[in-house]
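Participant: Here the sequence shown stands for residues 170 to 429, where the numbers follow my numbering.
Virtual Cβ for every residue (Gly too), placed ideally from N, Cα, C.
Before I ask anything, here is the structure I am working with.
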Amino acid sequence: MPIVEIDDLHKSFGPLEVLKGIHMEVVQGEVVTIIGRSGSGKSTLLRCINFLEQPTHGRVTVDGLSVLVEQHKLTKEQKHIVHEIRLRTGMVFQEFNLFPHLSVIENLIEAPVTVKRMKKREAIEIAEQYLHKVGMSDKRNEFPNRLSGGQKQRVAIARALTMQPKVMLFDEPTSALDPELIGEVLAVMGQLAKEGMTMLVVSHEMSFVHDVSHRVVFMEEGIIAEEGPPEQLFDNPQNPKTRMFLQRIIGEKEEAEVEG
170 MPIVEIDDLH KSFGPLEVLK GIHMEVVQGE VVTIIGRSGS GKSTLLRCIN FLEQPTHGRV
230 TVDGLSVLVE QHKLTKEQKH IVHEIRLRTG MVFQEFNLFP HLSVIENLIE APVTVKRMKK
290 REAIEIAEQY LHKVGMSDKR NEFPNRLSGG QKQRVAIARA LTMQPKVMLF DEPTSALDPE
350 LIGEVLAVMG QLAKEGMTML VVSHEMSFVH DVSHRVVFME EGIIAEEGPP EQLFDNPQNP
410 KTRMFLQRII GEKEEAEVEG
């Protein structure tokens with residue numbers, strides 16, 4: 170049974186329709202990466218899954234919790250379900266969004282204590298486990314301004330994990346990083362994938378997409394234009410737009426490596 174189900178999902182911003190009827194299922198333990206040009210709707214799709222953006226129309230189901238949006242306003246019962254969905258979905262953004270006035274460990278325990286009403290001692294124990302997992306135990310008492318970009322993003326991943334989500338959403342988590350720092354974040358994400366974490370990832374890091382994904386989704390102009398195993402999309406894409414996109418992205422990567 171899928172842990173994430175998206176049925177006929179639409180999202181408009183005023184007259185601009187960004188998502189035009191998305192259908193998608195993700196099974197537990199699956200890593201699905203979403204690729205496509207800027208403006209194709211990738212980030213909006215992720216943000217609709219945990220209702221950071223409210224869909225205009227369609228159904229979103231996460232871990233058995235389902236919300237059908239048919240009109241602009243959600244009912245009181247639907248708002249409660251949305252809250253529960255958010256508790257089960259961790260999200261890591263392009264920017265790290267750490268609280269600058271809190272130390273690393275304080276950043277991690279803030280949501281478990283205030284949102285889940287977890288006892289502080291228990292939250293700290295869980296937070297320290299995830300700091301160890303991302304290799305940041307020695308920075309537990311540092312403040313974000315003392316960390317590199319890669320370290321901040323690893324803390325952001327640990328913070329999301331401390332909520333013990335069923336699904337992790339990654340919205341281009343390496344796009345704000347210098348090239349030499351990207352690898353340390355991708356390594357953490359790769360380890361999570363090996364451990365069976367369900368992940369939806371928007372990324373332009375094609376080596377990661379190819380090596381870690383169970384399935385790749387190519388979005389174009391608000392629809393899913395093609396999807397399949399990474400070997401199929403990379404080696405034998407069926408949609409000409411998929412082929413053109415991959416050729417451009419891989420070509421730019423090779424040019425950058427030559428210049429570097």
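1) Strictly by DSSP, which residues pair up with L369?
2) With 16 other CB atoms within 10 Å as the buried threshold, where does I326 fall?
3) In the structure shown, what three-state DSSP assignment does M305 receive?
4) Taking the straight line between their C-alpha atoms, what separation do you get for V427 and P269?
5) If you draw a straight line from the C-alpha of V187 to the C-alpha of D307, how long is it?
6) Note the first and the last residue of the continuous alpha helix (DSSP H) segment covering V357.
7) What are the start and end residues of the beta strand (DSSP E) that includes R384?
8) Could you check whether the Cβ of I351 sits closer than 8 Å to any heavy atom belonging to the ligand HEM?
9) Compute the beta-carbon to beta-carbon distance between L436 and G259, rounded to the nearest angstrom, for a pair I have assumed lies under 8 Å.
10) At the level of alpha carbons, what is the spacing between K180 and H226?
11) Between the alpha carbons of K289 and K335, how many angstroms are there, rounded?
12) Output the residue ranges of the beta strand (DSSP E) runs that lie fully inside the stretch 195 to 244 and measure 3 residues or longer, sorted by chain position.
13) When the Cα atoms are used, what is the spatial distance from P406 to H192?
14) Thinking just about the alpha-carbon of each residue, which of M388, F182, E390 and L402 is nearest to the one in H379?
15) Using 10 angstroms around the beta-carbon of M332, count the other beta-carbons present and answer buried if the total reaches 16, otherwise exposed.
16) Report, in whole angstroms, the separation of the C-beta atoms of F262 and D347, which I expect to be a contact under 8 Å.
17) Taking the alpha-carbon of Q240 as reference, which of Q360, R228 and T283 has the nearest alpha-carbon?
Facilitator: Taking the definition as stated:
1) Here residue 369 corresponds to residue number 200 of the sequence shown, with the count starting at 1. V201 and L338, per the DSSP bridge assignment.
2) Working through the sequence shown from its first residue, we reach residue 326 at position 157. Burial call: buried.
3) What you label residue 305 is simply residue 136 of the sequence shown in a count that begins at 1. Per DSSP, reduced to three states, the secondary structure at M305 is coil, with no helix or strand assignment.
4) The count along the sequence shown starts at 1 and reaches residue 427 at position 258. The count along the sequence shown starts at 1 and reaches residue 269 at position 100. Residue confidence is low: V427 scores 47 on pLDDT, short of 50, so the model does not pin down where it sits. Its coordinate-derived value is still stated next. About 37 Å.
5) Position 18 of the sequence shown holds residue 187. Position 138 of the sequence shown holds residue 307. In a straight line, the C-alpha of V187 is about 42 Å away from that of D307.
6) What you label residue 357 is simply residue 188 of the sequence shown in a count that begins at 1. Where V357 is concerned, the enclosing alpha helix (DSSP H) stretches over P348 to K363.
7) If you number the sequence shown from 1, residue 384 lands on position 215. Start and end: R384 to E389.
8) As far as ligands go, the structure on display features none, and thus does not contain the ligand HEM.
9) Given a span of 170 to 429 for the chain in the structure shown, any question on residue 436 remains unanswerable.
10) Taking the first residue of the sequence shown as position 1, residue 180 is located at position 11. Taking the first residue of the sequence shown as position 1, residue 226 is located at position 57. About 7 Å.
11) Residue 289 sits at position 120 when you count from the first residue of the sequence shown. Residue 335 sits at position 166 when you count from the first residue of the sequence shown. So the alpha carbons of these two residues sit roughly 22 Å apart.
12) 200 to 204, 226 to 231 and 234 to 238
13) Taking the sequence shown and counting its residues from 1, one reaches residue 406 at position 237. Taking the sequence shown and counting its residues from 1, one reaches residue 192 at position 23. Taking the straight line joining both Cα atoms gives about 20 Å.
14) Start at 1 with the first residue of the sequence shown, and residue 379 comes out as number 210. Cα-wise, what sits closest to H379 is L402.
15) The residue labelled residue 332 in the question sits at position 163 within the sequence shown. That one is buried.
16) The count along the sequence shown starts at 1 and reaches residue 262 at position 93. The count along the sequence shown starts at 1 and reaches residue 347 at position 178. No, F262 and D347 are not in contact; Cβ-Cβ is about 17 Å, not under 8 Å.
17) To locate residue 240, count along the sequence shown from 1; it is residue 71. Here the closest residue by C-alpha is R228.
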